[in-house]
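2 protein chains.
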Amino acid sequence: MPKDGQCPECSRINEVLHRVGDRWSVLIVISLAQYDVLRFNELKRHLGISQRMLSLTLRELERDGLVNRTYHPTIPPKVEYSLTELGQSFKEPVYALGKWALTHLPVIDEARAEYDAASNQAKTG
Amino acid sequence: MPKDGQCPECSRINEVLHRVGDRWSVLIVISLAQYDVLRFNELKRHLGISQRMLSLTLRELERDGLVNRTYHPTIPPKVEYSLTELGQSFKEPVYALGKWALTHLPVIDEARAEYDAASNQAKTG
DNA sequence: AGACCCGGTTACACAGAGGGAACCATCATG
DNA sequence: CATGATGGTTCCCTCTGTGTAACCGGGTCT
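Chains W and A, in that order, give the protein sequences. So the first sequence is numbered by the numbering used here: it starts at 31 and just counts up by one. So the second sequence is numbered by the numbering used here: it starts at 31 and just counts up by one.
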């Protein structure tokens, strides 16, 4: 961790982003937002996430109060995950980000291709 | 990288998040949004980022069309960075996320403390 | 000549993210 | 008894992210 001292807001944002802004957290929140309730293996199949990472990420999400874990002691066991209120509130900015991502990915790809072409030309020419 | 095949939207979002959701990109965008134009070393000082990471991240941001790089061949050299239109549009969801983060960080901390206390009690008791 | 400024780049090292596979516990089925 | 399903956990290994430190290159000041 660097000093981070310069811009206090930055480090706060960084903190939360680091916690909740990783790849899987966001995708899990999005999935739970869509389907309301999902079981462990449903999430696993839906996201193509490894069992290990799903378990880890869900626990962190639960710890942070974003996700509810409901354990049904049936045989075989059944565990359901859903968003808490906090998770629901997080859904909105995440959706905004997701929407932006989906909307602008083509533009980004284009910009990237252009940049690569230009720098390639610079190298060759 | 996993299969990612299950939920196509997820993998797209993941893709952009992976690109633009790292530690520094977001903070650079926020800083540039605030100050309009910043020089290399201004960013460096403001964020407390290492020279290497700043250089790397800025190049990626430029490559993705989010940031403009203006090189003034003066002595000593002067390089100015600013947001492109795309970068400006990215600013909004990022701000939404940042705002959520700042608002809910206390709640998260609280939830976390509660969770830790509970699991500690479970372990001890 | 040597030191300094700016904006980078390169070499090296370390921590953490993340995947894969095997193991666990429990009951049902064949 | 072996197998399967569910929801995890644990071990091991790799790959990436990130930091530190040193160097570059041109010009200016001393």
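Virtual Cβ for every residue (Gly too), placed ideally from N, Cα, C.
In the DSSP assignment, the alpha helix (DSSP H) including leucine 86/W goes from what residue to what residue?
Segment 81-93, the alpha helix (DSSP H) holding leucine 86/W.
By a C-beta neighbour count over all protein chains shown, 10 Å radius and 16 as the cutoff for buried, is glutamate 122/A buried or exposed?
Answer is exposed; the Cβ neighbour count stays below 16.
Can you tell me where the beta strand (DSSP E) holding leucine 113/W begins and where it ends?
Counting along the chain, the beta strand (DSSP E) containing leucine 113/W begins and ends at 108-113.
Express the C-alpha separation of histidine 134/A and valine 97/A in angstroms, rounding to a whole number.
Cα-Cα distance, rounded: 29 Å.
For alanine 147/A, decide whether its Cβ has a neighbour in chain W, counting only Cβ atoms nearer than 7 Å.
It does not; no Cβ of chain W falls within 7 Å.
Verify the contact flag: isoleucine 79/A, CB atom, against every heavy atom of the ligand SAH, threshold strictly below 6 Å.
Although the ligand SAH was asked about, the structure shown includes no ligands whatsoever.
Assuming alanine 131/W contacts valine 46/A (C-beta within less than 8 Å), just tell me the rounded distance between them.
Sure, about 4 Å apart at Cβ, within 8 Å.
From isoleucine 138/W to glutamate 144/W, what does the alpha carbon distance come to, in whole angstroms?
If you take the alpha carbons of isoleucine 138/W and glutamate 144/W, they lie about 10 Å apart.
Take arginine 42/A as the anchor and find which of Leu127/W, Ser149/W, Ala141/W has the nearest alpha-carbon.
Taking only the C-alpha atoms, the option nearest arginine 42/A is Leu127/W.
Scan the stretch 114-154 of chain W and note each continuous alpha helix (DSSP H) run of 4 residues or more that stays entirely inside, going in chain order.
Taking only runs of at least 4 residues, the alpha helix (DSSP H) segments lying wholly in the stretch 114-154 of chain W are 115-154.
Mapping DSSP to helix, strand and coil, what is leucine 68/A?
The answer is strand: DSSP assigns leucine 68/A an E or B state.
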